[in-house]
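Enquirer: Handing you a structure now.
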Amino acid sequence: MKPTTTAPEPRVVHYNKPQLRSMAVMAQHEVAIWGRGTGKSDGLIAPRVAHNAFAMPRSMGALVGRSYSQILTRTLPAMMRGLERIGYRLNRDFTVRERGPKTWELPLFTPLDWHNFIHFRCGSAIALVSQQNPGSSNGPSFDYAAADEAKFLKREQYEEELLPAMRGNRDRFGHLSCHQSTLMASDMPTSPSARWLLEKEHEMDEQCINVILATQFEVSKLQHAVASGHISPASARVYEARIRRLQDELNLLRKGTTYFSMASSLDNIEVLGKDYVPRMKKLLPDYLFRTSILNARPDRVEGGFYPWLDDDTHTYIPPPPAYLSNVNNEVLAAGVKDCRKDGDLVPGIPIELGPDFGSSFNCVVVGQLFGQQFSIINQVFVKHPLKIRDLAKRVAHYYQHHRPHACRIYYDHTMIGEDAVREYGFILEFKRELESLGWEVQLVYIGQAPGHHEKYTFWGRVASNADSSLPTVKWNADNCEPTLLAMRLAGAKQSRRGFEKDKSAERDPNADQAETTHLTDACDLLTIGRMLTLGGTGSRDVGLVFG
């Protein structure tokens with residue numbers, strides 16, 4: 053029996069205003085800059101890909117992300133919930149990472165391996181496309197694309213690889229506005245390399261959008277009148293003919309049109325609950341709260357301490373771990389929130405930590421040296437009232453699946469002092485707590501903490517890769533957003549002691565300490581400590597590092 057291409061049974065589903073407006077506009081190209089919790093994956097991407105899949109049976113779409121880990125652990129679970137919310141059932145209406153039943157038709161472009169595809173019962177498919185594998189979008193011929201967390205995408209790769217692949221099945225679907233359509237969803241871009249998304253606002257013709265909305269409103273009124281059953285059959289036929297004409301007009305209006313929208317988490321407060329925003333205010337750094345929750349446009353620190361920091365040069369997309377490739381969809385839906393999702397964590401060697409301890413904020417930045425690259429792979433932190441022991445527990449929990457349970461911790465003279473209420477220094481407290489949790493800990497003392505000018509000079513040499521005797525240093529773009537944000541916000545100043553990192557915010561009781569210089573200091577310590585010990589643990593060659 054040939055499968056039906058109609059949508060599932062109607063049901064009452066709540067959508068917020070930005071979601072409803074997007075569905076009404078349905079422009080061929082959309083850029084949605086929405087705060088966290090506004091329902092981008094389940095209430096924007098899921099309805100759009102379902103509409104496209106069933107409007108274009110046997111089509112091929114692309115679900116685009118920076119990495120497979122992002123797609124599998126964040127985008128796909130939420131999108132699956134969104135599909136099920138509107139009546140599409142897993143293994144009844146669609147399958148994930150496997151071909152559907154043999155009774156289902158196949159897409160016009162049929163993949164040989166279904167491991168990175170979604171299959172709908174109408175014969176359509178969606179490819180999971182990751183930018184971490186250059187050229188992964190070159191093979192298929194796509195009819196449409198949807199991108200989640202678009203602020204992390206590389207613009208050149210998106211425009212030079214994905215967009216040229218949007219060439220499929222024009223003879224079948226070329227008359228539809230959803231053919232060759234693009235949807236890019238993201239919370240507010242915070243890095244300079246992602247500002248191109250905000251520039252898309254200038255491509256929107258607001259007058260055209262208003263005409264689309266007015267026309268769609270007229271269609272909805274006519275459809276409601278027909279569905280109510282309160283008009284005669286003759287009137288219903290007249291209304292239905294009018295609806296078809298207006299829908300043809302809408303299709304023409306939507307073709308080539310760009311819709312740019314912005315929304316904050318407050319737009320979804322009915323779903324999130326009144327406690328969501330205050331809770332995020334407490335949990336998130338202030339800058340992230342303003343940009344990712346309130347969707348405020350970002351400001352930027354000029355003349356910062358790390359002016360060389362560039363996402364394209366100094367970050368990388370980690371490879372997909374084997375664990376995510378083999379895990380079942382139920383585990384994916386529940387979420388993987390430990391080191392098993394980290395494809396760059398090298399098994400068999402210890403992790404390396406650079407700490408920063410204080411009364412209100414305690415953190416470690418995590419790295420590993422492998423080959424000629426020192427990778428900054430993560431950071432872990434706790435805020436007051438949590439203490440150093442709580443930080444140790446979080447590190448041990450996140451890395452519970454890493455073997456060996458061993459770490460190397462770099463520290464300087466600031467971490468060995470004792471005070472009237474502490475039996476031993478900060479670093480020994482952290483070490484003993486980790487050891488009590490079953491970890492083997494090696495402490496590496498680097499001596500006197502380098503001065504600000506030394507650190508600035510050090511990073512200038514390392515970031516430029518000018519010294520071939522030093523490994524390259526790069527940050528995991530998936531995990532290290534808090535550290536990278538703190539580095540972007542770290543200012544510089546001139547004082548009586550010369551050029552310094554501006555650490556004044558650490559003394560501000562109203563400042564969010566995750567956005568101040570704590571994480572940057574931990575990153576300094578970790579990286580300098582690792583470079584100082586290249587010749588063997590404990591050996592210090594100051595000239596090698598500081599020139």
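Heads up, the sequence shown is in my numbering, so the first residue is 53 and it goes up one at a time.
Glycine residues also receive a C-beta, built at the ideal position from the N, C-alpha and C atoms.
Predicted model, so just to flag it, every value in this text is computed and none were measured.
Where does T600 land, buried or exposed, given buried means 16+ other C-beta within 10 angstroms?
Expert: Nothing can be reported for residue 600, as the shown portion of the chain is limited to 53 through 599.
Enquirer: Any idea what DSSP makes of P171, helix, strand or coil?
Expert: The sequence given here has His at residue 171, not Pro. Three-state result, H171: strand.
Enquirer: Rounding to the nearest angstrom, what Cα-Cα distance links D519 and F510 in this structure?
Expert: Going from the Cα of D519 to the Cα of F510 covers about 11 Å.
Enquirer: Could you work out which residue in M256, N221, G175 and K389 is closest to D530 when comparing CA atoms only?
Expert: When each option's Cα is compared against that of D530, the closest is K389.
Enquirer: Taking 7 Å as the threshold (C-beta atoms), are S344 and R88 in contact?
Expert: Yes, Cβ-Cβ distance for R88 and S344 is below 7 Å.
Enquirer: Distance, Cα to Cα, W491 vs M467?
Expert: Approximately 20 Å, taken between the alpha carbons.
Enquirer: Between P437, M240 and W527, which has its C-alpha nearest R342's C-alpha?
Expert: If we check each option's Cα against that of R342, M240 comes out closest.
Enquirer: A288 and S238 - do their beta-carbons sit closer together than 7 Å?
Expert: No, the Cβ-Cβ distance between S238 and A288 is not below 7 Å.
Enquirer: What's the gap between the Cα of G512 and the Cα of H504?
Expert: Distance between the alpha carbons of G512 and H504: 12 Å.
Enquirer: Say whether the region 69-86 touches the region 307-324, bearing in mind that this needs 3 or more beta-carbon pairs closer than 8 Å, one atom from each stretch.
Expert: Judged by Cβ distances under 8 Å, the region 69-86 makes contact with the region 307-324, as three or more pairs qualify.
Enquirer: Indicate whether H465 and C391 have their beta-carbon atoms separated by less than 7 Å.
Expert: Cβ atoms of H465 and C391: not closer than 7 Å.
Enquirer: I'd like the list of long-range same chain contacts for Q500, defined as Cβ closer than 8 Å, with 5 residues on each side in sequence excluded.
Expert: Excluding residues within five positions, the ones whose Cβ falls inside 8 Å are D464 and H465.
Enquirer: What is the DSSP secondary structure of M108, counted as helix, strand or coil?
Expert: M108 falls in the coil class under three-state DSSP.
Enquirer: At a cut of 8 Å, does the region 147-154 reach the region 395-406 through at least three beta carbon pairs?
Expert: Result no; under three Cβ-Cβ pairs closer than 8 Å.
Enquirer: On the premise that E558 lies in contact with T568, defined as a C-beta separation below 8 Å, what is that separation, rounded to the nearest angstrom?
Expert: About 5 Å; that satisfies the 8 Å criterion.
Enquirer: Going by C-alpha distance, which of M108, L265, F269 and S119 is nearest G226?
Expert: The shortest C-alpha separation from G226 is found at M108.
Enquirer: Strictly by DSSP, which residues pair up with L82?
Expert: A small correction: the amino acid at residue 82 is Glu; Leu does not occupy that position in the sequence shown. Partner(s): L235 and Y311.
Enquirer: On a Cα-Cα basis, can you pick out the residue from V418, A102, W166 and G220 that is closest to M132?
Expert: Looking at the Cα atoms, A102 is the closest of the given residues.
Enquirer: In the DSSP assignment, what are the bridge partners of G356?
Expert: In the DSSP output, where bridge partners are listed per residue, G356 has G543.
Enquirer: What would DSSP say about T585, mapped onto helix, strand or coil?
Expert: Three-state result, T585: coil.
Enquirer: Can you name the start and end residues of the alpha helix (DSSP H) that W511 belongs to?
Expert: It spans H504 to A515 - the alpha helix (DSSP H) in which W511 sits, taken as one unbroken run.
Enquirer: Please give me, in chain order, every unbroken run of the alpha helix (DSSP H) with length at least 4 that falls completely inside the region 421-502.
Expert: Whole alpha helix (DSSP H) segments, 4+ residues: 440-450 and 478-488.
Enquirer: Determine the DSSP secondary structure at T579, reduced to helix, strand or coil.
Expert: Residue state, collapsed to three classes: helix.
Enquirer: Distance check for L405 and Y462, CA to CA, integer angstroms please.
Expert: Answer to the nearest angstrom: the Cα atoms are 6 Å apart.
Enquirer: Quick one: Cα of M112 to Cα of E157, how far?
Expert: About 13 Å.
Enquirer: For the beta strand (DSSP E) containing F146, list its first residue and its last residue.
Expert: Note, F146: beta strand (DSSP E), F146 to V148.
Enquirer: Can you find the residues in the same chain that come closer than 7 Å, C-beta to C-beta, to S93, ignoring five residues on each side of it along the sequence?
Expert: Here the set comprises T127, A130, M131, G134 and D200.
Enquirer: By alpha-carbon positions, which one of C459, F551, M539 and L489 ends up nearest to V496?
Expert: With distances taken between Cα atoms, V496 lies closest to C459.
Enquirer: Tell me the rounded alpha-carbon separation between A198 and L214.
Expert: Cα to Cα, A198 sits roughly 11 Å from L214.
Enquirer: Any idea what DSSP makes of I283, helix, strand or coil?
Expert: Note: I283 maps to coil in three-state DSSP.
Enquirer: I'd like the span of the alpha helix (DSSP H) that includes T647, first residue to last.
Expert: Examination of residue 647 is not possible in this model, given that the chain is present from 53 through 599 alone.
Enquirer: Quick check: the Cα distance between K69 and R100, rounded to an integer number of angstroms?
Expert: About 16 Å.
Enquirer: Using three-state DSSP, classify T524 as helix, strand or coil.
Expert: Residue state, collapsed to three classes: strand.
Enquirer: So the candidates are E255, R296 and A279; which of them puts its Cα closest to the Cα of Q268?
Expert: Among E255, R296 and A279, the Cα nearest to that of Q268 belongs to R296.
Enquirer: What is the DSSP secondary structure of L249, counted as helix, strand or coil?
Expert: It is helical.
Enquirer: What are the boundary residues of the beta strand (DSSP E) that P407 is part of?
Expert: Residues I403 to D408.
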